Amino acid sequence: MIIGIRGVGKTVLLKKIKKEIENDYLTCYVDLSATSGYQMGELTEMGIILHFYECWMEACKEKNFTTIFKKVKKYFKTKNFGLREIIDIQGIPIPVPKSEDDYKKLSQFVLELPQIIYEEHKNKIKGSILIIDEFQVLKDLGDRLDTFLWFLRSVIQNQKHTAYVFSGSINSRDSIIEKIAGKDGAFGGRMLNIEIYPFSEETVKNYLNEKLPSLNLDERGFERFYKCANGIPFYLNTFAKLLQKNVQLNDSKVKEEFKKTLPFIAFNTSMELVNFT
Ligand SMILES: Nc1ncnc2c1ncn2[C@@H]1O[C@H](COP(=O)(O)OP(=O)(O)O)[C@@H](O)[C@H]1O
Ligand SMILES: [Mg+2]
555 MIIGIRGVGK TVLLKKIKKE IENDYLTCYV DLSATSGYQM GELTEMGIIL
605 HFYECWMEAC KEKNFTTIFK KVKKYFKTKN FGLREIIDIQ GIPIPVPKSE
655 DDYKKLSQFV LELPQIIYEE HKNKIKGSIL IIDEFQVLKD LGDRLDTFLW
705 FLRSVIQNQK HTAYVFSGSI NSRDSIIEKI AGKDGAFGGR MLNIEIYPFS
755 EETVKNYLNE KLPSLNLDER GFERFYKCAN GIPFYLNTFA KLLQKNVQLN
805 DSKVKEEFKK TLPFIAFNTS MELVNFT
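Under our numbering, think of the first position of the sequence shown as 555, with each following residue one higher.
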């Protein structure tokens, strides 16, 4: 479990890790806030499961594990999953369930998929890894949250070659953390908890010197800058990009500029100082 406040760099970190391991593992990155239905305020278990499914299929496609598509299709046809139909999207069979009610069987199958795929391709991968980002949106499941988490646990607890990474913009006191990783939570005691903290002053100083040498902050100016951006990379980058370059900036100048640029920082997507790819 990787937690930390918004903008601290979790997603960037997860994608970097994914990139480093994707040769050796079947990796799947799911952003739960992009699950269909969520944007309309209707996050459902079925929506999440189908999102997982599509992600695994994409990952298989990238690895050229195409035999799995036929196998899955056969499964859908022979086992009674309660499907209305199976549609074909670029060779990938996509199940369309009849109703939310009979999602249990299909869910079980989808959660077992990474293990099944691993067994089939042992010689090419060391295991499967599912990265679930923005997991705080699970709160939208309301009373169904606990049931969902315990179901998840019951299926995945015996998987020896599948790892799960949860990540979300949340602080360690949030109750969803307790439900997942707390000692009475669904994954209690089995989960490693890692919190990502904002950059320290020292880190920011070195970072700016390296990436943006034309930014000239005097000592008080830097202190003000650090305070305004709070050490959060998202704000640091955006604010630093917007500041005047090649002139010395003191405390009050930084303050003034911060006020001016606040709308940008609040509403725009982050401006990059670093190319992460
Ligand atoms: N290690 C880093 N170094 C520099 N900038 C970073 C770093 N990590 C993140 N950022 C910046 O912060 C922005 C937000 O990061 P992101 O990973 O999306 O945050 P989170 O997922 O925690 O909300 C990124 O777009 C990038 O500009
Ligand atoms: Mg993120």
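C-beta: ideal position from N, C-alpha, C; glycine also.
Predicted, not measured: the structure shown is a model, and the values here were computed from it.
Any non-hydrogen atom of ligand 1 within 7 Å of residue i CB
{"i": "Gly-739", "result": "no"}
{"i": "Leu-565", "result": "The amino acid occupying residue 565 in the given sequence is Thr; Leu does not appear at that position. Indeed, a heavy atom of ligand 1 lies less than 7 Å from the Cβ."}
{"i": "Val-828", "result": "yes"}
{"i": "Pro-817", "result": "no"}
{"i": "Asn-763", "result": "no"}
{"i": "Gly-561", "result": "yes"}
{"i": "Gly-785", "result": "no"}
{"i": "Asn-760", "result": "no"}
{"i": "Asn-791", "result": "yes"}
{"i": "Phe-788", "result": "yes"}
{"i": "Ser-661", "result": "no"}
{"i": "Ser-754", "result": "no"}
{"i": "Ser-723", "result": "yes"}
{"i": "Gly-558", "result": "yes"}
Residue i beta carbon near ligand 2 (any heavy atom closer than 7 Å)
{"i": "Glu-574", "result": "no"}
{"i": "Lys-615", "result": "no"}
{"i": "Glu-688", "result": "yes"}
Where residue i sits in the DSSP three-state scheme
{"i": "Arg-560", "result": "coil"}
{"i": "Ser-682", "result": "strand"}
{"i": "Gln-802", "result": "strand"}
{"i": "Val-808", "result": "helix"}
{"i": "Ser-587", "result": "helix"}
{"i": "Thr-565", "result": "helix"}
{"i": "Leu-597", "result": "coil"}
{"i": "Gly-785", "result": "coil"}
{"i": "Asp-578", "result": "coil"}
{"i": "Glu-608", "result": "helix"}
{"i": "Asp-656", "result": "helix"}
{"i": "Leu-637", "result": "strand"}
{"i": "Val-828", "result": "coil"}
{"i": "Leu-790", "result": "helix"}
{"i": "Leu-816", "result": "helix"}
{"i": "Leu-771", "result": "strand"}
Check whether residue i and residue j have beta carbons under 8 Å apart
{"i": "Ile-602", "j": "Thr-589", "result": "yes"}
{"i": "Ser-723", "j": "Gln-669", "result": "no"}
{"i": "Val-719", "j": "Ile-683", "result": "yes"}
{"i": "Glu-749", "j": "Tyr-780", "result": "no"}
{"i": "Trp-704", "j": "Leu-667", "result": "no"}
{"i": "Val-664", "j": "Phe-741", "result": "no"}
{"i": "Leu-790", "j": "Leu-797", "result": "no"}
{"i": "Leu-554", "j": "Lys-795", "result": "Residue 554 lies beyond the range of the chain shown here (555 to 831); nothing can be said about it."}
{"i": "Ala-735", "j": "Met-555", "result": "yes"}
{"i": "Phe-812", "j": "Phe-793", "result": "yes"}
{"i": "Lys-659", "j": "Ile-640", "result": "no"}
{"i": "Leu-699", "j": "Lys-733", "result": "yes"}
{"i": "Glu-599", "j": "Tyr-657", "result": "yes"}
{"i": "Pro-647", "j": "Phe-623", "result": "yes"}
{"i": "Lys-799", "j": "Gly-775", "result": "no"}
{"i": "Asp-697", "j": "Ser-721", "result": "no"}
{"i": "Ile-679", "j": "Cys-582", "result": "no"}
{"i": "Lys-809", "j": "Arg-778", "result": "yes"}
{"i": "Tyr-579", "j": "Gly-681", "result": "yes"}
{"i": "Val-562", "j": "Ile-786", "result": "yes"}
{"i": "Leu-695", "j": "Ile-730", "result": "no"}
{"i": "Val-801", "j": "Asn-770", "result": "yes"}
Any non-hydrogen atom of ligand 4 closer than 7 Å to residue i Cβ
{"i": "Leu-665", "result": "Ligand 4 is not among the ligands present in this structure, which contains only ligand 1 and ligand 2."}
* Runs of alpha helix (DSSP H) lying entirely within the stretch 663-743, each at least 4 residues, in chain order -> The qualifying runs are 698-710, 729-735.
* **Within the stretch 741-769, ranges of the alpha helix (DSSP H) (whole runs, at least 4 residues)** => For secondary structure counted as the alpha helix (DSSP H) over 4 or more consecutive residues, the stretch 741-769 holds these complete runs in sequence order: 755-765.
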